[in-house]
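Just so we're aligned: the sequence shown equals residues 86 to 648 in this note's numbering.
Inspection log for the structure reproduced underneath, given as structure tokens.
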Amino acid sequence: MASGLSGDAGSTELLADAIVIGAGLAGLVATAELVDAGKRVLLLEQEPEASLGGQAFWSLGGLFLVDSPEQRRARIKDSFELAWSDWLSSAQFDRPEDEHPKRFARAYVEFATGEKRAWLLEQGVKLMPSPGWAERGGGQALAHGNSVPRFHLTWGTGPAVVEPFERRVRAGVERGLVQLAFRHRVDELIVDKGQVVGAEGSLLARSMVERGQESSREVIGRFSARAGAVLVSSGGIGHNLELIRKYWPERLGPAPRQMVAGVPAHVDGRMLPIAERAGANWINRDRMWHYTEGIRNWAPVWANHGIRILPAPSSMWFDGAGRRLPAPLFPGFDTIATLAHIGASGHEHTWFILNRRIIEREFALSGSEQNPDITGKDVKLTLRTRLQPGVVPGPIQSFMDNGEDFIVRDNLRELVAGMNTLTDQPYLDHDSILEQMVARDRQVANPYSKDLQVMAIRAARKYLPDRLSRVAAPHRILDPSAGPLIAVKLHILTRKTLGGLQTDLEARVLDPAGVVLDGLWAAGEAAGFGGGGMHGYNSLEGTFLGGCLFSGRVAGRSMASRL
Numbered sequence: 086m087a088s089g090l091s092g093d094a095g096s097t098e099l100l101a102d103a104i105v106i107g108a109g110l111a112g113l114v115a116t117a118e119l120v121d122a123g124k125r126v127l128l129l130e131q132e133p134e135a136s137l138g139g140q141a142f143w144s145l146g147g148l149f150l151v152d153s154p155e156q157r158r159a160r161i162k163d164s165f166e167l168a169w170s171d172w173l174s175s176a177q178f179d180r181p182e183d184e185h186p187k188r189f190a191r192a193y194v195e196f197a198t199g200e201k202r203a204w205l206l207e208q209g210v211k212l213m214p215s216p217g218w219a220e221r222g223g224g225q226a227l228a229h230g231n232s233v234p235r236f237h238l239t240w241g242t243g244p245a246v247v248e249p250f251e252r253r254v255r256a257g258v259e260r261g262l263v264q265l266a267f268r269h270r271v272d273e274l275i276v277d278k279g280q281v282v283g284a285e286g287s288l289l290a291r292s293m294v295e296r297g298q299e300s301s302r303e304v305i306g307r308f309s310a311r312a313g314a315v316l317v318s319s320g321g322i323g324h325n326l327e328l329i330r331k332y333w334p335e336r337l338g339p340a341p342r343q344m345v346a347g348v349p350a351h352v353d354g355r356m357l358p359i360a361e362r363a364g365a366n367w368i369n370r371d372r373m374w375h376y377t378e379g380i381r382n383w384a385p386v387w388a389n390h391g392i393r394i395l396p397a398p399s400s401m402w403f404d405g406a407g408r409r410l411p412a413p414l415f416p417g418f419d420t421i422a423t424l425a426h427i428g429a430s431g432h433e434h435t436w437f438i439l440n441r442r443i444i445e446r447e448f449a450l451s452g453s454e455q456n457p458d459i460t461g462k463d464v465k466l467t468l469r470t471r472l473q474p475g476v477v478p479g480p481i482q483s484f485m486d487n488g489e490d491f492i493v494r495d496n497l498r499e500l501v502a503g504m505n506t507l508t509d510q511p512y513l514d515h516d517s518i519l520e521q522m523v524a525r526d527r528q529v530a531n532p533y534s535k536d537l538q539v540m541a542i543r544a545a546r547k548y549l550p551d552r553l554s555r556v557a558a559p560h561r562i563l564d565p566s567a568g569p570l571i572a573v574k575l576h577i578l579t580r581k582t583l584g585g586l587q588t589d590l591e592a593r594v595l596d597p598a599g600v601v602l603d604g605l606w607a608a609g610e611a612a613g614f615g616g617g618g619m620h621g622y623n624s625l626e627g628t629f630l631g632g633c634l635f636s637g638r639v640a641g642r643s644m645a646s647r648l
């Protein structure tokens, strides 16, 4: 088999043991597993080779692990029982079609508690020593959220997660087992007597765009491919704003008119209706995961490019009218509850107000390209950026200097005036915001407080890694010595599809009657990360990459066993 095809004009017919549609992380993992079993794989990808690895390459590289050595060294007491309780409290499975997603979720938490870490280390993935505490929760033991820190950051971020599986796939190319078919866009699945036996579609013109940039959709030919097993691992709908608005649930309020895109333009979800036409059951399409702390990228890679702020708990959070968000909607606590609150607020944007002392310690940005110290595996730069006091990390300083959503001023009156220039009318009242901030600042004078956010800050600092590198000591935000003051306008940032093609525990796609659709498998975001939506309504974070790894591995091994 040829090592690669890319947009050659004409009509092409291809044969393989297995077809994998989508060369993101789940597709690479499945292909690697098929290669290990000696199977011939045709890997179809509509984008150019520069985008191999998909969204995972752009990620921060966070991985959900349970009772890991890193946790134990940090004196975190975790267990499968605690993690599964957190998962169920967050997922809130409540539909008949959640049977398979719930089973897949349990299998994934067992994997995260068991062999996941060792399996990744065998691939060459390395972890940073201190787990982070994402999605700190909804305020009660049986509410959404992580009871303990479980977010394990990969040394090298997303590219270091992709690399070992890309390496295994390219080794398969060298062995003649893998055919990389870039610029091959699937338009239909081929069904014969109730079984999916292949795919057909368009050959797209060659494209030399950089990773993440929008590529040409010029059609220069057709192709047809047949195989004994077909995997859909083509991602979700994260850049398809039309579909996001179409399936936006009423429980989150009106669909936003303005959103920033957290993923490239090719994340359009087009394979989901294609698979549905072939007989697949597409479920939970109203379940989504969009962030509330999006900012416009001052140096965009794709159109409407947004970046997520990864906040720690100290910034004050105000809605578009200048009202402080209620407890427990603090930075980094409960994404979906905050999204629903914003939907009911009458404004689509919100604001962080903080100061330089907080931004030095507490702001991080999502994405491999926004964390050059960790992505580049630069120990000295990482220590200086993350631990040295008085240093604003370079990427964050760049947003402060160039980002259109950042206002930096020496006093609150000027800050609020600047904030009002970023909206169509002056919604914010200086005196109201001043009253709320003074009241909050009074609460830090004692080691105890009635302000739940101040209490949350103190509780977070009891976790040593947070105290050393993530959460600023409680102080008055209006203290001039901690300034200048900083305001950040926050947008809804599109990201993940939580629903998808319904599968069984072998990643085999089911039809609407719950019967296996012979010949078709699904993995990654296209399968709701497993089962058709293993997260339910909420994510505990670190579970998107993990879901791609797990469902891709399951799919690849299942396909190999049936060929």
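The C-beta atom is built at its ideal place from N, Cα and C for all residues, glycine as well.
Taking ALA168 as the centre and dropping the five residues before and after it, the same chain places the C-beta of VAL151, VAL194 closer than 6 Å to its C-beta, in chain order. Where VAL523 is concerned, the enclosing alpha helix (DSSP H) starts and stops at 515-527. Take the alpha-carbon of ASN487 and the one of PHE437: they are about 17 Å apart.
A direct Cα-to-Cα measurement between VAL114 and PRO133 gives close to 19 Å. Counting only the Cα atoms, HIS515 lies some 8 Å from ALA502. DSSP, read as helix, strand or coil, puts THR588 in strand. With a threshold of 16 other beta carbon atoms within 10 Å, PRO413 meets it and is buried. Taking every protein chain shown into account, the CB of MET373 has 16 or more other CB atoms within 10 angstroms, so this residue is buried.
By the Cβ-count criterion, GLY475 is exposed, with fewer than 16 other Cβ atoms from all chains shown falling within 10 Å of its own Cβ. A direct Cα-Cα distance of roughly 6 Å separates ARG593 from VAL601. For GLY617 against GLU182, the beta-carbon gap comes to about 7 Å, under 8 Å, which counts as contact. Rounded to the nearest whole angstrom, the C-alpha separation of GLU166 and SER175 is 14 Å. GLY147 places its beta carbon less than 8 Å from that of HIS237. For GLU626, there is no enclosing beta strand (DSSP E), as DSSP marks it with neither H nor E. Cα atoms of GLY627 and VAL281: separation of roughly 33 Å, rounded to the nearest angstrom.
Minimum Cα-Cα distance from SER566 among the listed residues VAL271, ASN440, VAL345 corresponds to ASN440. Straight through space, the alpha carbons of LYS124 and PRO249 are spaced by roughly 19 Å.
Of the candidates GLY261, SER319, ARG188, ARG471, SER319 places its Cα closest to the Cα of ILE106.
Secondary structure of THR582 (DSSP, three-state): strand. Of all alpha-carbon atoms in HIS351, ASN231, PRO214, the one lying nearest the alpha-carbon of TRP240 is that of PRO214. Excluding the 5 residues flanking it on each side, GLU295 has same chain C-beta neighbours closer than 7 Å at ALA135, in chain order. In the three-state reduction of the DSSP assignment, GLU299 falls in the coil class.
Secondary structure in the region 279-350: the alpha helix (DSSP H) runs of 4 residues or longer, each lying completely within the stretch, are 326-332 in chain order. Shown here, GLY217 sits in a strand according to DSSP, grouped into three states. The continuous alpha helix (DSSP H) containing ALA117 extends over residues 110-121. By the Cβ neighbour-count rule, SER96 is exposed, with fewer than 16 other Cβ atoms within 10 Å of its own. Around the Cβ of VAL523, a 10 Å sphere holds fewer than 16 other Cβ atoms; the residue is exposed. If only complete runs of 3 or more residues are kept, the region 226-250 shows the beta strand (DSSP E) at 236-238, in order along the chain.
In the structure shown, LEU595 falls within a strand segment according to DSSP collapsed to helix, strand and coil. Counting C-beta pairs closer than 8 Å gives three or more between the region 348-363 and the region 381-390, which meets the contact rule. With contacts defined by Cβ atoms closer than 8 Å, ALA310 and LEU127 form a contacting pair.
Judged by DSSP secondary structure, ASP486 falls within the alpha helix (DSSP H) whose first and last residues are 479-487. Here the region 184-191 does not lie against the region 204-219, with fewer than 3 beta-carbon pairs under 8 Å apart. The DSSP-derived three-state label of ASN531 is coil.
Boundaries for GLN131: no beta strand (DSSP E) harbours it, and the DSSP string shows neither H nor E there. For PHE403 against ILE518, the beta-carbon gap comes to about 7 Å, under 8 Å, which counts as contact.
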